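Visitor:
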Amino acid sequence: MLPTTICTLAASFEGVNLMWIVFGGVFVTAILAKSIKSVVTSNARERSRREIAAYIAEGSMTPEQGERLMRAGNVKEED
Numbered sequence: 000m001l002p003t004t005i006c007t008l009a010a011s012f013e014g015v016n017l018m019w020i021v022f023g024g025v026f027v028t029a030i031l032a033k034s035i036k037s038v039v040t041s042n043a044r045e046r047s048r049r050e051i052a053a054y055i056a057e058g059s060m061t062p063e064q065g066e067r068l069m070r071a072g073n074v075k076e077e078d
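For the sequence shown, numbering that gives the first Met the number 0 begins at 0 and goes up steadily by one.
1. Would residue 55 and residue 62 qualify as a contact pair, given that the criterion is a beta-carbon distance under 7 angstroms?
2. Output the distance between the C-alpha atoms of residue 44 and residue 37, rounded to the nearest integer angstrom.
3. Alpha helix (DSSP H) containing residue 59: first to last residue?
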């Protein structure tokens, strides 16, 4: 069963350069990985903001301390 499947795949890729197939696969994988990383990063940032807001609401942290914590992780610091 498996050899006939491999032969069928080989016949369908006969006119296509294997390098382009590999390049396309790597390209799609890189885009998916970057998208997943972006989603995970934004979810973690939003979760942290919610936790800081909860600490401020319960009074165990001042708004100024919360603001400093939110700015602490930023790569670009604005004056």
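Yeah, the Cβ is synthetic: ideal placement off N, Cα and C, and Gly gets one too.
Owing to the predicted nature of the structure, the values given are computational and were not obtained by experimental measurement.
Guide: Reading from the atomic positions:
1. To locate residue 55, count along the sequence shown from 1; it is residue 56. To locate residue 62, count along the sequence shown from 1; it is residue 63. Result yes, Cβ atoms of residue 55 and residue 62 sit closer than 7 angstroms.
2. Position 45 of the sequence shown, counting from 1, holds the residue named residue 44. Position 38 of the sequence shown, counting from 1, holds the residue named residue 37. So the alpha carbons of these two residues sit roughly 11 angstroms apart.
3. Along the sequence shown, read from residue 1 onward, the residue named residue 59 stands at position 60. Boundaries cannot be given for residue 59, as no alpha helix (DSSP H) includes it and DSSP labels it neither H nor E.
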